[in-house]
Structure formats: C-alpha cells, structure tokens
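Student: Sharing a structure with you now.
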Amino acid sequence: MSMLIPKSQILSTAAILLLFSIFISSTEAAFPQFDWVQQEFLKSHNDLRSSVGVPHLQWDANLATFSQSWANQRKQQCDYRHHSTSPYGENIFWELYRQNTATSIVQKWFGEKQFFNHATNQCNCQPERAGCECGHYLNVIWRSTTKVGCSGFVYCDDQKGAIVVCSYDPIGNVKGVNPLNPVNNMHGVAPPVLPPRQVNNGGRGRKRNVAVTPVALPANARLTSPVLPPKPVNTGNVGRGRGRKHNVAVKSPAPLRRPSSPQKSQRGRGRRNNRV
C-alpha cells in the first residue's frame, strides 16, 4: 500500500532544497574552493619559481577569499584597479574575452622577466607602463613570499570581460632589492646604500670614491656638541700673514656688559674708552 505525500509538503521540501542550493552557490562564490583552477594557478607559479631557483608557494584559502572579494568588487567597472589598502602583493589580469587559462595568465606575468635587469635589480622601463613593466614578474618569483591565493575567473557585468586576482604573502616587489635573495631584516627590505662620494687627497691631486654606509645608533645613544680644534693665530706680522703661528684654544666669548655711562669714541677709530 503506497503512502501519498501531501502536495504542500512536497512544495515545502523543494523550496528548502532550492534555498540550500542557492546558499551553497553563494558560499562558493564568496569563499572559492581549492578546485582544479586554483590547482592550476598554484602549479603554474611553482613551475616558474623552480625555473629561477626559489622555493615553492603554498596555497592559502584566506588569500583566495581576499582575491575573490576584490575581483567581485571590480566586475561592475570591469577594470584592473589595484586594492589600495591591501596588505598583500597583488597581480590582476583582465581580458575582454576569456581566451587564457590559469597557466597562460601566470606565464604572461612571468614574461615580464625580459624587462627586468637582475644585475641592477631595476626595471628597464622607467617609468613602467602598460606593455613594459616588471611588477607582476616580481610578485611571481619573489623569494621570501611563501603563500598565494587566487580568485576564479570573474565575469564582468554586461559581458565586458573577465578578471582574475592573485594575492601574495608576505608582500614582496620592493624596488631596488634582489628578488631572488632579498634581505629579510624588515619585511624583505634591504637597508639603503648611499652612492660613493668624491673626496680629495690633501686638497689637490686625484679624487677617489669613498662608499658611505648608514650607521645605526643605539637607542640610548646621546648626541653631544663637537669639540672644536685649537685655532692657529699669528704672533708675528699680522698685516702680511707672516710670522710663526701657535695654537690657542678657542673659548666662548665673555658676555658683554652694559657700560655705566655712554661711550665716547676717538673719531671712530681704535678702542673705545669708558668715562665715568
């Protein structure tokens, strides 16, 4: 004997399943899962990092969520504007029609290597511009970066194109620093080295270069006024600058005293005499 299920119960069950399906879909959009697209992004990064001898990256779900959120915010304007307050490194890719895969996108970023001079750690494009830049390449291969997370392909409104965002942590891409061996004393930032300056050997002769390196003072260091060296004075003919010189210690001048009565000069020459 079959049992009939009321129509109202069937409709309510279907409504619950539909709401659950919508919830799952929205959750996946807000929090991208580690699917085959993300796996391809990670593998592409690590294959290219291996080619330059830097360690592999690990996938980070929080970075992927952050990237997905920013891509969703940009789909209305459909531009590749960077996140102004992002604490991470960031690469953004936009195309009018989806013709690229995750692998080809990362390879395009890595292709900026042709513009980067590893001898000077500078981009050959000054200033950098569309079609000649290095920042995407540096984010991909920065040695001290350990984690990456990318969005999926986010389609813009009105079919204007597709956007992909990848975020990197710790942040790299520091100007003037070797990306393959950054100094990790302050978030991958190396201390600045001032250019050599020219000094004279004895005032004449040939000039030589002396490198100037910043010196860090201890926290409890106290700065004191410099002690001036003795000042040479003449004991002979002062008018012609002759005679033997001897050293007299430089002292601070004594404070001036106000005379008790007005001074009277002798025709404006010589010393002034005070008369009572």
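Just so you know, the sequence shown maps onto residues -29 to -1, 1 to 247 in mature numbering (1 follows the signal peptide of the UniProt record, and there is no 0).
Yeah, the Cβ is synthetic: ideal placement off N, Cα and C, and Gly gets one too.
No experiment lies behind these values; they were computed from the predicted model shown.
1) Hey, quick one: how far does the alpha helix (DSSP H) through S38 stretch, first residue to last?
2) Could you pull the start and end residues of the alpha helix (DSSP H) that G106 belongs to?
3) Within the same chain, show all residues whose beta-carbon is closer than 8 Å to that of Q44, passing over the 5 residues directly before and after it, in chain order.
4) Within the continuous beta strand (DSSP E) that includes E11, where are the two ends?
5) Are the stretch 82 to 93 and the stretch 26 to 43 in contact at 8 Å, needing three or more beta carbon pairs?
6) Measuring alpha carbon to alpha carbon, tell me which residue in D128, Q130, V111 is nearest C121.
7) Do residue 278 and Q85 have their C-beta atoms within less than 9 Å of each other?
8) Span of the beta strand (DSSP E) holding S138?
9) Hey, N62 and H27 are a contact pair by Cβ (cut 8 Å); roughly how many whole angstroms apart?
10) Beta carbon of G24, beta carbon of I142: below 9 Å?
11) For T72, which residues in the same chain have their Cβ closer than 8 Å to its Cβ, ignoring the five residues on either side in sequence?
12) If distances are taken between C-alpha atoms only, which option among W65, W41, E83 comes closest to S55?
13) Could you pull out every unbroken alpha helix (DSSP H) segment of at least 4 residues lying fully inside the stretch 51 to 104, listed in chain order?
14) Using the rule of at least 16 other Cβ atoms within 10 Å of the residue's Cβ for burial, across every protein chain shown, is N144 buried or exposed?
15) By the 10 Å Cβ neighbour count, where 16 or more other Cβ atoms means buried, how is D129 classified, buried or exposed?
16) Applying the criterion that 16 or more other CB atoms from any shown protein chain within 10 Å of the CB defines a buried residue, is Y68 buried or exposed?
17) Short of 6 Å in beta carbon distance, which residues of its chain neighbour C127, apart from the five on each side in sequence? Order them along the chain.
18) I'd like the list of long-range same chain contacts for V136, defined as Cβ closer than 6 Å, with 5 residues on each side in sequence excluded.
19) Considering only residues of the same chain and omitting the five flanking positions on each side of E83, which have a CB-CB separation below 7 Å?
20) Just how far apart, CA to CA, sit V8 and F124?
21) Hey, quick one: how far does the beta strand (DSSP E) through C121 stretch, first residue to last?
22) Taking DSSP as the reference, what is the three-state secondary structure of Q29?
23) So, for A133: in the same chain, excluding its five sequence neighbours on each side, which residues have a beta-carbon less than 8 Å away from its beta-carbon?
24) Output needed for R20: all residues of its chain with C-beta closer than 8 Å, excluding positions within five of it in sequence on either side, in chain order.
Tutor: This is what the structure holds:
1) Here residue 38 is taken as the residue at index 67 of the sequence shown, counted from 1. For S38, the enclosing alpha helix (DSSP H) starts and ends at 32 to 45.
2) Your numbering for residue 106 matches position 135 in the sequence shown. Secondary structure note for G106: its alpha helix (DSSP H) is the uninterrupted segment 106 to 112.
3) Numbered from its first residue, the sequence shown carries residue 44 at position 73. Result list for Q44: empty, nothing under 8 Å.
4) Within the sequence shown, residue 11 is the residue found at index 40, counting from 1. Premise fails: E11 lies in the alpha helix (DSSP H), 7 to 22, not in any beta strand (DSSP E).
5) no
6) The count along the sequence shown starts at 1 and reaches residue 121 at position 150. Relative to C121, the option among D128, Q130, V111 whose CA is nearest is V111.
7) Since the first residue of the chain shown is -29 and the last is 247, residue 278 is not available in this structure.
8) The residue given as residue 138 occupies position 167 in the sequence shown. Segment 133 to 140, the beta strand (DSSP E) holding S138.
9) Translated into positions along the sequence shown, residue 62 becomes position 91. Translated into positions along the sequence shown, residue 27 becomes position 56. Rounded, the Cβ-Cβ distance is 17 Å, inconsistent with contact.
10) Along the sequence shown, one-based indexing puts residue 24 at 53. Along the sequence shown, one-based indexing puts residue 142 at 171. No.
11) Position 101 of the sequence shown holds residue 72. Only E11 meet the Cβ criterion.
12) Residue numbering aside, residue 55 sits at position 84 when the sequence shown is read from its first letter. Checked all of W65, W41, E83; the closest Cα to S55 is W41.
13) Counting whole runs of 4 or more residues, the stretch 51 to 104 contains the alpha helix (DSSP H) stretches 73 to 81.
14) Translated into positions along the sequence shown, residue 144 becomes position 173. Buried is the call here.
15) Translated into positions along the sequence shown, residue 129 becomes position 158. Exposed: under 16 other Cβ atoms inside 10 Å.
16) Here residue 68 refers to the residue found at position 97 of the sequence shown. Per the 10 Å Cβ criterion, exposed.
17) If you number the sequence shown from 1, residue 127 lands on position 156. Within the same chain, C127 has close Cβ partners K46, C49.
18) Here residue 136 refers to the residue found at position 165 when the sequence shown is read from its first residue. The residues are S38, W41, A42, I63, S122.
19) If you number the sequence shown from 1, residue 83 lands on position 112. The answer, listed in chain order, is E104, C105, H107, Y108.
20) Numbered from 1 along the sequence shown, position 37 holds the residue referred to as residue 8. Numbered from 1 along the sequence shown, position 153 holds the residue referred to as residue 124. In this model, V8 and F124 are separated by some 9 Å (Cα to Cα).
21) On the sequence shown, position 150 is the one that residue 121 refers to. Taken as a continuous stretch (DSSP letters only), the beta strand (DSSP E) holding C121 covers 118 to 121.
22) Here residue 29 refers to the residue found at position 58 of the sequence shown. Strand, per DSSP.
23) As a working mapping, residue 133 is identified with position 162 in the sequence shown. The residues are W65, E66, Y68, R69, F124, V125, Y126, C127.
24) Here the question's residue 20 lines up with position 49 in the sequence shown. Only P26, H27, L28, V111, I112 meet the Cβ criterion.
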